[in-house]
Each structure stands twice: as structure tokens, then as C-alpha cells.
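Visitor:
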Amino acid sequence: MLKNSLRTRFCVRPGDCYRLVRFPFNPLCFRSKPMSRTSPSRLLFSLGTACCLLLAAGGTASAAGLLVADGGFGGKLEIREQRVQVTINNGVAVTQVDQVFFNTENRIVEALYTFPVPNGASVSNFTMIIDGKEMIGEVVEKQRAREIYESYKQTRRDPGLLEQVDFKSFELRVFPIAAGAEQHISITYAQPLDFDHNSATYVYPLETTTSGPVDARTTGTFSLTLDVKSEIPIVAMASPSHPDDFVISEHTSKYSRASLELPQGDLSRDLVIHYQTERPHTGLDLVTSKRPGEDGYFLLSLTAGKELEASEAGMDYIFLVDISGSMANDNKLNLSRTAVDGFLSSLGAEDRFEVLTFNSQPVPNFQELCEATPEAVLSAQEFLRSQRARGGTVLRPAVLTAYKYKSSDRPLNVVILSDGLTEVREQAELLAAIDQAPAGTRLFCIGIGNETNRPLLQQLAENAGGLAAFISHQDDFGRQAESFRRKLMRPVATDLVIEIAGVGTHDMASERLPDLYYGAPIRLLGRYRQAGPAKILVTANVLGQPFRQEFSFDFPEIEADNPEIERMWAFQRTQTLMDRLRAAGGKDPQVIEEIVRLCEGYSIVSEYASFIVLENEGEYARWRIERRNANRVVRDRAARDRLRDEFQRLRDESLAKIGPAKSAPPSEQAAPSVDAVSAPGMNVPLANNAASALPQPQGTPGDFSMPGPNFDGGGGAIDPISGALAGGLAAATAWAVRRRKTKTPGGTHDDHSQNVI
Numbered sequence: 070m071l072k073n074s075l076r077t078r079f080c081v082r083p084g085d086c087y088r089l090v091r092f093p094f095n096p097l098c099f100r101s102k103p104m105s106r107t108s109p110s111r112l113l114f115s116l117g118t119a120c121c122l123l124l125a126a127g128g129t130a131s132a133a134g135l136l137v138a139d140g141g142f143g144g145k146l147e148i149r150e151q152r153v154q155v156t157i158n159n160g161v162a163v164t165q166v167d168q169v170f171f172n173t174e175n176r177i178v179e180a181l182y183t184f185p186v187p188n189g190a191s192v193s194n195f196t197m198i199i200d201g202k203e204m205i206g207e208v209v210e211k212q213r214a215r216e217i218y219e220s221y222k223q224t225r226r227d228p229g230l231l232e233q234v235d236f237k238s239f240e241l242r243v244f245p246i247a248a249g250a251e252q253h254i255s256i257t258y259a260q261p262l263d264f265d266h267n268s269a270t271y272v273y274p275l276e277t278t279t280s281g282p283v284d285a286r287t288t289g290t291f292s293l294t295l296d297v298k299s300e301i302p303i304v305a306m307a308s309p310s311h312p313d314d315f316v317i318s319e320h321t322s323k324y325s326r327a328s329l330e331l332p333q334g335d336l337s338r339d340l341v342i343h344y345q346t347e348r349p350h351t352g353l354d355l356v357t358s359k360r361p362g363e364d365g366y367f368l369l370s371l372t373a374g375k376e377l378e379a380s381e382a383g384m385d386y387i388f389l390v391d392i393s394g395s396m397a398n399d400n401k402l403n404l405s406r407t408a409v410d411g412f413l414s415s416l417g418a419e420d421r422f423e424v425l426t427f428n429s430q431p432v433p434n435f436q437e438l439c440e441a442t443p444e445a446v447l448s449a450q451e452f453l454r455s456q457r458a459r460g461g462t463v464l465r466p467a468v469l470t471a472y473k474y475k476s477s478d479r480p481l482n483v484v485i486l487s488d489g490l491t492e493v494r495e496q497a498e499l500l501a502a503i504d505q506a507p508a509g510t511r512l513f514c515i516g517i518g519n520e521t522n523r524p525l526l527q528q529l530a531e532n533a534g535g536l537a538a539f540i541s542h543q544d545d546f547g548r549q550a551e552s553f554r555r556k557l558m559r560p561v562a563t564d565l566v567i568e569i570a571g572v573g574t575h576d577m578a579s580e581r582l583p584d585l586y587y588g589a590p591i592r593l594l595g596r597y598r599q600a601g602p603a604k605i606l607v608t609a610n611v612l613g614q615p616f617r618q619e620f621s622f623d624f625p626e627i628e629a630d631n632p633e634i635e636r637m638w639a640f641q642r643t644q645t646l647m648d649r650l651r652a653a654g655g656k657d658p659q660v661i662e663e664i665v666r667l668c669e670g671y672s673i674v675s676e677y678a679s680f681i682v683l684e685n686e687g688e689y690a691r692w693r694i695e696r697r698n699a700n701r702v703v704r705d706r707a708a709r710d711r712l713r714d715e716f717q718r719l720r721d722e723s724l725a726k727i728g729p730a731k732s733a734p735p736s737e738q739a740a741p742s743v744d745a746v747s748a749p750g751m752n753v754p755l756a757n758n759a760a761s762a763l764p765q766p767q768g769t770p771g772d773f774s775m776p777g778p779n780f781d782g783g784g785g786a787i788d789p790i791s792g793a794l795a796g797g798l799a800a801a802t803a804w805a806v807r808r809r810k811t812k813t814p815g816g817t818h819d820d821h822s823q824n825v826i
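What the sequence shown shows, in the working numbering, is residues 70 to 826, in sequence order.
1. Beta-carbon within less than 6 Å of M647's beta-carbon, same chain only, minus the 5 sequence neighbours each way: which residues are those?
2. Per DSSP, which residues does H253 bridge with? Please list them.
3. Within the continuous alpha helix (DSSP H) that includes Y472, where are the two ends?
4. Mark R459 as exposed unless 16 or more other C-beta atoms lie within 10 angstroms of its C-beta, in which case mark it buried.
5. Give the range of the beta strand (DSSP E) segment to which F828 is assigned.
6. Whole angstroms are fine: how far does the CA of R596 sit from the CA of F195?
7. Is the CB-CB distance between D584 and V561 below 7 Å?
8. Tell me whether L650 sits in a helix, a strand or coil according to DSSP, three-state version.
9. DSSP puts A502 in a beta bridge; with which residues?
10. Would you tell me roughly how many angstroms separate the C-alpha atoms of K102 and E676, rounded to the nearest one?
11. Quick check: the Cα distance between Y689 and T257, rounded to an integer number of angstroms?
12. Give, in chain order, every unbroken run of the beta strand (DSSP E) that is at least 3 residues long and sits entirely within the region 608-672.
13. DSSP has M306 in a bridge; who is on the other side?
14. Check the DSSP bridge columns for G601 and list the partner residues they point to.
15. Who are the near neighbours of S723 in its chain, counting only those whose CB is closer than 6 Å to its CB and skipping five residues on each side?
16. Determine the direct distance from the alpha carbon of D564 to that of R225, and round the result to whole angstroms.
17. Could you give the DSSP three-state label for A786: helix, strand or coil?
18. Exposed or buried, what is N700 when buried is set at 16 or more other beta-carbons lying within 10 Å of its beta-carbon?
19. Taking the alpha carbon of D296 as the point to measure from, which residue in V161, I694, V463 and Q252 has its own alpha carbon closest?
20. Please go through the same chain and pick out, in chain order, the residues whose beta-carbon is closer than 6 Å to the beta-carbon of E347, but skip the five residues on each side of it.
21. Just how far apart, CA to CA, sit P615 and A506?
22. Give a yes or no on whether the C-beta atoms belonging to Q154 and Q165 are separated by under 7 Å.
23. Just tell me which of E531, V468 and A373 has its CA closest to the CA of N267.
24. Tell me the residue span of the beta strand (DSSP E) that contains Q436.
25. Within a Cβ cutoff of 8 Å, which residues of the same chain sit near I661, ignoring the five residues on either side of it in sequence?
26. From R465 to A445, what distance separates their C-alpha atoms?
27. Within 10 Å of its beta-carbon, does R696 have 16 or more other beta-carbons around it, so buried, or fewer, so exposed?
28. Would the region 409-427 and the region 381-390 be scored as touching if the rule is three or more Cβ pairs under 8 Å?
29. Given this structure, state the Cα-to-Cα distance separating D263 from P309, to the nearest angstrom.
30. Determine the direct distance from the alpha carbon of D721 to that of S105, and round the result to whole angstroms.
31. What residue ranges within the region 410-459 form continuous beta strand (DSSP E) runs of no fewer than 3 residues, ordered along the chain?
32. Count Cβ pairs between the region 173-191 and the region 144-152 that sit closer than 8 Å; are there 3 or more?
33. Which partner residues of P261 appear in the DSSP bridge assignment?
34. Counting only the same chain and skipping the five closest in sequence on each side, list residues whose C-beta sits under 8 Å from that of R523.
35. So what's R479 in DSSP terms, helix, strand or just coil?
36. Count the other CB atoms, across all protein chains shown, that sit within 10 Å of the CB of T442; report buried if there are 16 or more and exposed otherwise.
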């Protein structure tokens, strides 16, 4: 029972504005959009099959990025070396890319390098080697950064500029590069990994359809090293994209490494790594970052992980297939045809469907919902084969037309297959149309490869209570198919509310929560004012029944090992503001000003702020550019160095065990496994199973408002939280909690007295 405490109340409901007020006796309240809609069942299998076929039919696009000599004179530049170092700490990945550009011309050139970054990643550092010294860049307003860069070009000094061109690509400019000279540059970005049913995916994007003379091979060495640390035991790691090139070393159950080196290698395919974790129960995970005397940052991960009976009731499906001109690129329209074939082959006897194509206006095939008979399926396939990609993309009329097919007694699932490259001026109207969806309607978006408007498709799906899927050509389509199938065949938690009380939580990065699907984590980023114990209450609606669960956590006074959480919070906040800007038609000076403020304060590149590198400290002072990023990088690198030292220790311990067993000293033979030691940052085995190396969930679970059986759970995100969603209208739900150890000034705190329910 929460009593007599002054807490922050933060409520977001459909139609509400963002507000933050001091309110006594009411915990922080964070709501998702209420929806009393039936959860789709067979669509899961359909989506999975489609994803599988999309990838099976797709080809690679082009290359790692486009490196050219800009300025109107042309010329050839080479990437002599590209080294990628990835550090993954409990689901948060930090990628550092070190590259060497070489000017093959006999004159000075300006290098222009265009490259993609993964979905959800924020570019957080850009450095150059100038006169033998590393110069760390700073983020300033985009137009000002461009003006500063151009002013140096006149004097042939050494500026560097990194800009976000649009939602999918970045441009890096360096001038001058002398004839026959090299230029060393480094880019860093951070991202929360996509976790799904205990499986995490890391993608290093190399494919791009950027126009221009692309060379898909590096003339020097390309290497990638990926270190993974997880409090949840890692049981498998593999690369579906490069199975014969990666060397994978499983040093302990908590630490694995994957490495690849390609001398003069092919860079035309995305690099994809999966790793699988295993835990006895799902739980709520807390990751924090806090400096002394400042408000802290936190990341909560929530994942539903219980198996439920699938619904066998019939559903209606509308497939909206984009046939605009942009779908001719990268074989997109053929991929969409293949995807729809996959959907149709999975429909059941009770399901009905319709196929509409659209560019500037929708064109239906049947003009009614038809049962999935062989004749109807053949008709839909022939209809799609007769289409060709042309015209502009106007999605709103197609969505409104799809809504007309809603029957009062059956759920309607609208599946959009598009690259999302709609006109900017239409996006505000499109988002407004999504809110007009009839009750019982959900919208799902599928985008393939790196040239998809991910922010828009993600926003559309979340606003309509559905899901968006973005898959690399090189991904494991079988795994993706199974993942979708497991999601959509189980109930969805709607009307989700997370209440946090006791630590002065404020400034949530998102304005509302999406619905919670099985195996799909929800991440909540925010800030807190004071350290200490906190109560977290999760409520939702599952199959028409209320769900309620309470958890206890300690928010630390000092936490220096996760500084990337700060930038992740700021990046998510800018994405929320970008969503608001799209809804306003892209014109809101106050929102743009706030985006720039966040980008400059936290060193984040966006469409409104860019990185600029100057040749010495005096130049930064001359332009009155505060060295915020230079100071932040010191903390970031210190935390990363501590983590790498730990990796080295684990590798050394693993190496010490290799060799003739008889020659090993007795002390080494008797040494316990790293996995069995309760070292700092590691969980201990469950109290009721001393032989188990699985972690013990922590926290203080409360009573369930819905009685019923208890099921063992699946896994989830960054050390996910979760809960079970019980099958049937009267079925029960069981939730379990685990808390990642948080370090306080007094050391690592563990609460081993709690049991998993």
C-alpha cells in the first residue's frame, strides 16, 4: 500500500496533451491508448510466413555505403580499412566504426560518405585524426554546422561534418584530403537491441540503395568484433548472414564473442548476429545511470512471456499493397507479391480476405471479403501480377477504404506492405485517419531492408494497436516467421499502465505505451530525482479481464557503468517529438527548437542537428561551441574500458582451462566455473535448485488480482520483465519479476529473500 508520499503524476490518455504536475498521493501514471479489440490469431502465422518468403525472394541491394569525391570534379576514394567494435551489455549495444579513407587522386578532394544506421540507433560520436591528434566532434544546429563547415573549405583547413539526411541515411563530409593521403574517422552509435522471445538480434547494416557508383568491396581489411554480456545465460549464438565467416567463442554462460575479418572483403550484405538467452521465469529489468548531484536516468523493459492457447475464431484481413514508383527499387514489389502469397496460403477456413493495391488511390480486387478458396487465392495472385510500380504514394485513402470492410462481429486486421515513402504533407492526415479505425481493428506494417520509412510505419502500427516488422535481407527468415507466429496467436495486453512511485520519476521519453504482445518487449525510458526504494505497479486488460502486478526496486544514488542510457533517453525523446512534428505536418517551431536543444545537450544527430569536427580546441572556442560531447565521451569511454577489462578477464579465465588436463595445476582444476560464482553484476542460482546456474529473479511481487494457475515463462528483452497472460476469458495470469543488480555507493545490492511466483 502506497501512502503519505508526494509523487509525480504523469497521465497520458488518447486526446490528452503531455502534462507533468506535482500531485499528492498519486503515483506516476503512464497509460497506453485504451483499446477493447480482439487479438488477431492467424495473422501471426501469416505475418511469419510472409516475412520468411520476403527474405527468401529478396536479393541484396548494393554496398556498405557510398564513398565519393564530391565537389563536381569526381574522383575515386577507397575505404582502406574498416574496423567495427560492438559492445553489448544486457541488451544495449554500442557500435564504434573506425575507418580509413584513401584519396587515390593526384589532387585534393572532399570525401562524401553516405551510410545507414540500424533502426533505433542514435549517432552519438564523430571523431577525426587531425595532425596526429584525435579531435572529438560536437553537435550544433544543422544550418549553423553547415555554415561553419563551408567557411573552412575556403581556407582548406580540416573540418568534418556528419548530417542526418533523412529518416534512413547519414552523410559524412571531410575536407581536405590531400592527394595520396589517408583520413582516419570514427563514428559511434548506441541502440537497444530488438529482443524477441529470449532472442536478440544485432544488425550491422551494409546494404543500401543509395544512387551512385558504389563499390561493394573494401580494398583493405574489414573486421567486426562483437562482445556480449548478459545477466541471463546465453545458450546459443549464430550468424544467419555469414555462418562461415564468423568465429564464435562462448567463454562463459554470461559472456560470448563473435569475430569476423574479411581481407579485401565483400561489403554487399548486412551482417546479422543472433544470440539466444534462457531463463526460468520472465521478469522486470531496470538499468540506470546517475551522476552525483544530478537527476538519474532509467530504462525499464517489460515483456509478456507466457504461452497461451491460440484462438481459432475466423478473422478478416485486408492486404494493402503499395504499387507506387518507389516500390520498383530493390525488387520491393516482387517481394510484396511473394509476401501476400505467404499470407494467403496460411488463411484458415473461417477467414476472409481482400487485396487492395494503391499509389495515388486504392484499387480493390474483389470489392468484398472472400473466403480463402483456391479460386479466390488464384484471383488475388493474378491481380497482383498484373500490377506495375508507378505514381506517387498516398496511403490515407487506402487505409480509409480498408476500414469500410469491418464487420460488427469479426475482428479486422489491416496489413500494409509498403516502404512508407509517402509524401510528407500527407503524413499528418494519414496519422489522423489511423485514429478513425473502427473498434476491433488493428493495423500491421511490414518494411524490408534499409530503405524503409521506419519511423512512420512504426508510428502507424503503434497508434493502431498493431506491430511493425523490419527485416534485413540477410536475416534468418525462419526465425522471424516463427517469432511472428508466436506473437499474434496469443492475447494482447491492452490499456497498459505503468505507475512508478517513490523516486520522483519525471520526463518520460514516450508519451504513451503501445499494446503488449507476447514476446515483444516494451521499453520505458525516463528520469528520476532521488535515489531509494520505488514501487512499480503494472495494470492492463487481458482478454477482457483486469491484470495487476506490483514490483519493488531500488534506484541507485550513483551508477556510472551505463552512461549510454542517458543518450538513449534523449534520443527516444527526440523521436517522440518527431512523431508530434509529423502529426503537425512538419511545421512547429517550438517542437523543432526542443529537438535541437536535446540534440546539442546530449550529442545526438538528427534531421535538425549535426556533428561538426574542428581542427583544434581554439577553433571550438572561436565559434563558442561548448565541449559537451568531449566531456561526455570521457565518461563513456571509462565505462566501456571497465567493461572491456571484464571481458578480458573472462577470456583469460576461459583460456586457462584449455590444454592437457593432467598438466593443469591442482588449484586450477579445482577452480569453480565463472558461471557458478556470484560475482558482482551476476545473479545467484535459484534457492530451490542449488545446481542451477540460472539467475534468481528479484524484487517484491505483490498479489494477483486474477487467481489461476502459474506457468513457467519465456524470455524477453534486455533481461525482460514479464508476465504471463493466461488463456481464456477467465484464465489466470502469473507475473514474475527480476531486478538487475544495481550498484550503490556501498556496493552491489542483492535481495535473495524473494521467491518467484
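C-beta atoms are modelled at their ideal positions from N, C-alpha and C, and glycine is treated no differently. Since the model is a prediction, treat every value here as computed from it, not as a measurement.
Guide: For this structure:
1. As a first step, residue 647 must be located in the sequence shown, where it is residue number 578. The answer is none, since no qualifying residue turns up.
2. Working through the sequence shown from its first residue, we reach residue 253 at position 184. Bridge partners of H253: V169.
3. Taking the first residue of the sequence shown as position 1, residue 472 is located at position 403. Start and end: R465 to Y472.
4. Start at 1 with the first residue of the sequence shown, and residue 459 comes out as number 390. Within 10 angstroms of the beta-carbon of R459 lie fewer than 16 other beta-carbons, which makes it exposed.
5. The requested residue 828 does not occur in the structure, where the chain is confined to residues 70 to 826.
6. In the sequence shown, the residue the question calls residue 195 occupies position 126. In the sequence shown, the residue the question calls residue 596 occupies position 527. CA-CA distance, F195 to R596, rounds to 26 Å.
7. By one-based count along the sequence shown, residue 584 stands at place 515. By one-based count along the sequence shown, residue 561 stands at place 492. Cβ distance < 7 Å, so D584 and V561 count as in contact.
8. In the sequence shown, counting from the first residue as 1, residue 650 sits at position 581. In the three-state reduction of the DSSP assignment, L650 falls in the helix class.
9. The residue you call residue 502 lines up with position 433 of the sequence shown. Its beta-bridge partners do not exist; DSSP assigns none.
10. One-based indexing of the sequence shown puts residue 102 at position 33. One-based indexing of the sequence shown puts residue 676 at position 607. Low local confidence applies: a pLDDT of 43 at K102 is under 50, so the model's placement there is unreliable, with the coordinate-based value given in what follows. Each residue's alpha carbon lies about 28 Å from the other.
11. Locating residue 689 in the sequence shown gives position 620, counting from the first residue. Locating residue 257 in the sequence shown gives position 188, counting from the first residue. One C-alpha to the other measures close to 21 Å.
12. If we require 3 residues or more, the beta strand (DSSP E) runs fully inside the region 608-672 come out as 614-624.
13. Stepping through the sequence shown from its first residue, residue 306 is reached at position 237. Beta-bridge pairing by DSSP links M306 to Y344.
14. Locating residue 601 in the sequence shown gives position 532, counting from the first residue. According to DSSP, residue pairing for G601 in a beta bridge involves F624.
15. Walking along the sequence shown from the start, residue 723 turns up at place 654. Within the same chain, S723 has close Cβ partners H320.
16. For the purposes of this step, residue 225 is identified with residue 156 of the sequence shown, where counting begins at 1. For the purposes of this step, residue 564 is identified with residue 495 of the sequence shown, where counting begins at 1. Here the alpha carbon of R225 sits roughly 58 Å from the alpha carbon of D564.
17. Translated into positions along the sequence shown, residue 786 becomes position 717. Unreliable positioning characterises A786 in this predicted model, as indicated by a pLDDT of 36, which lies under 50. The coordinate reading is nonetheless provided below. Coil at A786, not helix or strand.
18. For the purposes of this step, residue 700 is taken as residue 631 along the sequence shown, with counting starting at 1. Counting Cβ neighbours within 10 Å, N700 comes out exposed, since fewer than 16 surround it.
19. On the sequence shown, residue 296 is found 227 positions in, with the first residue counted as 1. Nearest option by C-alpha distance: V161.
20. Looking up residue 347 in the sequence shown gives position 278. Cβ within range, chain order: P302 and V304.
21. Mapped onto the sequence shown, residue 615 falls at position 546. Mapped onto the sequence shown, residue 506 falls at position 437. Cα to Cα, the separation comes out at about 24 Å.
22. Start at 1 with the first residue of the sequence shown, and residue 154 comes out as number 85. Start at 1 with the first residue of the sequence shown, and residue 165 comes out as number 96. Contact check for Q154 against Q165 passes: the beta carbons are separated by less than 7 Å.
23. As a first step, residue 267 must be located in the sequence shown, where it is residue number 198. Selected option, being the one with the closest Cα: A373.
24. Along the sequence shown, one-based indexing puts residue 436 at 367. No beta strand (DSSP E) contains Q436, which DSSP labels as neither H nor E.
25. Translated into the one-based positions of the sequence shown, residue 661 becomes position 592. Same-chain partners within the cutoff: L650 and Y677.
26. Working through the sequence shown from its first residue, we reach residue 465 at position 396. Working through the sequence shown from its first residue, we reach residue 445 at position 376. The alpha-carbon atoms of R465 and A445 are separated by roughly 26 Å.
27. On the sequence shown, residue 696 is found 627 positions in, with the first residue counted as 1. Counting Cβ neighbours within 10 Å, R696 comes out exposed, since fewer than 16 surround it.
28. Yes, the region 409-427 touches the region 381-390.
29. Within the sequence shown, residue 263 is the residue found at index 194, counting from 1. Within the sequence shown, residue 309 is the residue found at index 240, counting from 1. One Cα belongs to D263, the other to P309, and the distance between them is close to 16 Å.
30. Along the sequence shown, read from residue 1 onward, the residue named residue 105 stands at position 36. Along the sequence shown, read from residue 1 onward, the residue named residue 721 stands at position 652. For S105, the predicted structure reports a pLDDT of 40, less than 50, and the residue's modelled location is therefore unreliable. The matter cannot be settled from this model.
31. Segments of the beta strand (DSSP E) lying fully in the region 410-459: 421-427 and 431-433.
32. Contact between the region 173-191 and the region 144-152 is present: 3 or more CB-CB pairs across the two stretches fall below 8 Å.
33. As a first step, residue 261 is located in the sequence shown; it is residue number 192 there, counting from the start. Answer is V161.
34. Against the sequence shown, residue 523 aligns to sequence position 454. The answer, listed in chain order, is N188, F236, K237, G489, G516, A537 and F539.
35. Taking the sequence shown and counting its residues from 1, one reaches residue 479 at position 410. Of the three classes helix, strand and coil, the one that applies to R479 here is coil, per DSSP.
36. If you number the sequence shown from 1, residue 442 lands on position 373. Exposed, since its Cβ has fewer than 16 Cβ neighbours within 10 Å.
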